[in-house]
Amino acid sequence: MPVTLHHLALEAAERRPGGEAVRCNGEGLSWPELVRRSHGVAHALRAAGVRRGDRVAVLLAKSLDVPVAFYGVYASGGALVPIDPKAPRSQVARILNATGVRHIVTEPARQSVIEALLDDCPDVTHVLGYDGTLPGGVVTASWTDLAAEATDTPPEANVGGLDTAYIMHTSGSTGEPKLIRHTHASALAFAEWAAAEYGLTPGDRLTNHSSHHTCFATFDFYAAARAAAATVVLTPAAMMMPASLAELLEREAVSVWYSVPTALVQLLLRGNLGERDLERLRWVLFAGEVFPHKHLAALMKQWPQARFSHVYGSTEVNVCTRFHLDPDTAPPAPLPIGRPCGNARALVVDGELQPVPAGTPGELLIAGSTVMSGYWNDPERNQQALLHRPAPGGLEDTWFRTGDRVVQDDDGMLAFAGRTDLQVKIRGFRVELEEIEQALLALEPVQEAMAVAVPDGQGSSLVRAAVVCAPDGETRQKTLLDALRDTLPAYALPANIELLPALPRTATGKVDRKQLKAKYLAEDSSDV
């Protein structure tokens with residue numbers, strides 16, 4: 104078992120010297136090439152003053168350079184801070200300052216962003232992957248300079264499993280983003296489990312669908328590396344047209360897919376899948392949001408050769424439960440989130456944090472080797488999210504409070520029962536926003552749905568919903584509301600339903616509830 108993520112890449116290069124590690128836009132890097140180039144980045148970072156535990160930001164568009172930069176940071180002994188390339192400059196500056204970043208790995212296309220960031224981030228001293236000069240004495244080095252440093256020999260870093268591997272950030276759409284710290288040990292524990300659970304082999308090709316600053320990327324890159332498999336990086340341009348994406352999946356002979364359900368729904372509805380030979384596809388993993396039952400059932404029929412797996416987790420815990428669907432039967436509705444993974448334990452508790460009996464709803468706690476070490480420099484948030492409970496032998500377990508309500512049956516199967524923060528009161532009645540969304544998704548024309556609660560101006564709340572419907576040109580708000588009356592009580596009916604061409608999304612592709620709520624709040628304030 105490798106000790107750090109850098110060792111993961113070294114082992115993959117040794118196991119598969121002629122095999123590809125990563126592909127993007129029809130080009131690829133072998134595992135030895137990836138390692139050599141990453142060592143060039145590592146030596147440049149060491150020469151720039153990076154030492155064990157120093158935080159290094161990577162601000163790149165999706166490309167072959169992303170894993171080169173990632174493994175370069177690990178080989179240097181630094182802690183990776185991957186940045187969402189679409190994040191607002193103010194948010195990026197907050198992340199860099201909060202984590203004490205002095206070194207950035209970027210690309211020439213980010214010139215204007217980097218120059219503006221330096222005004223807000225006075226501690227930055229070095230920018231690698233940048234052509235030209237920067238003000239304030241900031242030292243730069245181009246990718247050509249980094250390539251010249253490529254070598255089989257990594258620098259001496261003396262990093263261990265308990266050192267910080269990466270600090271990921273959430274969207275932060277309500278203010279300060281959460282900064283989630285994982286060690287090499289927690290990242291490797293997840294990679295080891297995922298590679299074994301899904302039987303990854305050197306012949307597999309995984310997709311990297313989501314942004315590389317998200318927890319999805321830990322599977323896409325590190326589970327692939329554990330198996331010495333290849334990762335096909337999907338750029339935004341490649342994902343723009345579902346039919347073109349389906350053609351790419353066929354051309355690249357993709358065997359393992361992992362994304363939010365929305366991406367799969369788009370492939371199903373607009374990808375012309377019947378024209379593509381995707382027989383190599385053997386695992387389809389999805390997470391992050393509800394998969395509409397009608398679309399999931401249709402996709403399973405479309406790809407009968409593939410196994411489907413509903414995985415559940417968050418950036419704080421990686422994947423902690425999974426439910427493998429039976430390929431010979433229709434998917435159950437609602438879909439369970441499954442049983443704990445081999446490296447995780449689940450506990451369902453009440454409001455007093457005491458275990459509840461099977462069949463009783465409660466909050467899900469997760470413990471195990473893949474749980475984060477904590478939020479970066481945020482003791483108050485750590486105290487709220489991480490619970491320390493006695494364990495056998497006089498030891499202590501650390502449990503993460505997921506904020507999700509679940510029900511566990513007598514066999515240990517977990518069913519999602521809503522977010523603790525998505526249960527709202529409407530005129531004195533408790534309403535589950537996810538229940539409204541499920542009712543909308545069950546309607547024939549509705550492809551996607553989201554519900555939010557907003558103030559009604561009278562001290563209570565009302566529900567507003569947004570949907571994406573099949574392009575038939577006939578669906579109307581009244582039609583949907585009339586249909587909902589058959590499944591929802593009157594107090595849970597949305598005050599209005601907006602038909603949109605697309606729902607707002609986060610970097611992982613999940614529906615962005617906070618962005619939609621902010622939109623409605625802004626509209627309401629402008630009407631006053």
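In this text, residue positions in the sequence shown follow the working numbering: the first is 104, and each later residue adds one. Backbone N, C-alpha and C define an ideal beta-carbon position, used for all residues, glycine too. All values derive from a computational prediction rather than experimental measurement.
- Nearest to E136 by C-alpha distance, out of A145, D255, D380, is D255.
- When only Cα atoms are considered, P434 and H146 end up about 51 Å apart.
- Residue nearest to N128 within the set A164, T107, A151 is A164 (criterion: CA-CA distance).
- The beta carbons of V171 and V204 sit no closer together than 8 Å.
- Look at the beta carbons and you see the region 370–378 not touching the region 387–395: under three pairs across the two are nearer than 8 Å.
- According to DSSP, residue pairing for V549 in a beta bridge involves C572.
- By the neighbour-count definition (other C-beta atoms within 10 Å, threshold 16), T321 is a buried residue.
- Only exposed fits Y594, as fewer than 16 other CB atoms lie within 10 angstroms of its CB.
- Taking the Cα positions, Y478 is about 44 Å away from D380.
- Counting only residues of its own chain and dropping the five nearest sequence neighbours on each side, V125 has a CB closer than 7 Å to the CB of G131, L132, L137, L167, P170, A333, T334, V336.
- Within the same chain, and ignoring the five residues on either side of V510 in sequence, the residues whose Cβ sits closer than 6 Å to its Cβ are P464, A518, A520.
- For T310, the secondary structure class from DSSP, reduced to helix, strand or coil, is strand.
- E466 is bridged by DSSP to V452, R508.
- Just measuring C-alpha positions, the residue of D226, H285, D222, N485 sitting nearest V184 is H285.
- The C-alpha of E259 lies about 27 Å from the C-alpha of A201.
- The residue among L591, A625, V571, P597 with its C-alpha nearest the C-alpha of L606 is V571.
- In the DSSP annotation of this structure, the continuous segment of the alpha helix (DSSP H) that includes R197 starts and ends at 192–202.
- Annotation: I270 is outside any alpha helix (DSSP H); the continuous beta strand (DSSP E) that includes it extends over 267–272.
- Distance from the Cα of A552 is smallest, within the candidate group L603, L348, R492, for L603.
- DSSP places R354 in the helix class (H, G or I) of the three-state scheme.
- Judged by beta-carbon spacing, A366 lies within the 8 Å limit of H312, meaning their Cβ atoms are closer than that value.
- When DSSP states are grouped into helix, strand and coil, N421 belongs to the strand group.
- Using a 10 angstroms sphere on the CB of S193, the tally of other CB atoms stays under 16, which defines it as exposed.
- Closest by C-alpha distance to R139, out of D514, R154, A250, R119, is A250.
- Counting only the Cα atoms, G232 lies some 7 Å from P211.
- The beta carbon of T578 sits closer than 6 Å to the beta carbons of P548, C572 from its chain, once the five residues preceding and following it are set aside; these are given in chain order.
- For R504, the CB contacts under 7 Å within the same chain, skipping 5 residues up- and downstream, are E466, L468, A488, L490 in chain order.
- Contact between T247 and V230 is absent: CB atoms are separated by about 15 Å, not below the 8 Å threshold.
- When beta bridges are read from the DSSP output, W360 appears opposite V387.
- Note on geometry: alpha-carbon atoms of T267 and A182 lie some 6 Å from one another.
- Using a Cβ-Cβ distance cut-off of 8 Å, the region 438–447 and the region 287–301 are in contact, since at least three pairs of beta carbons, one from each stretch, lie closer than that value.
- For F173, the enclosing alpha helix (DSSP H) has its first and last residue at 168–179.
- Going by DSSP, N599 is part of no alpha helix (DSSP H) but of the beta strand (DSSP E) stretching over 599–602.
- For P280, the number of other beta carbons within 10 angstroms of its own is at least 16, and it is reported as buried.
- For G240, the three-state secondary structure derived from DSSP is helix.
- Between G515 and the set L565, P460, A542, E540, the nearest pair of CA atoms involves P460.
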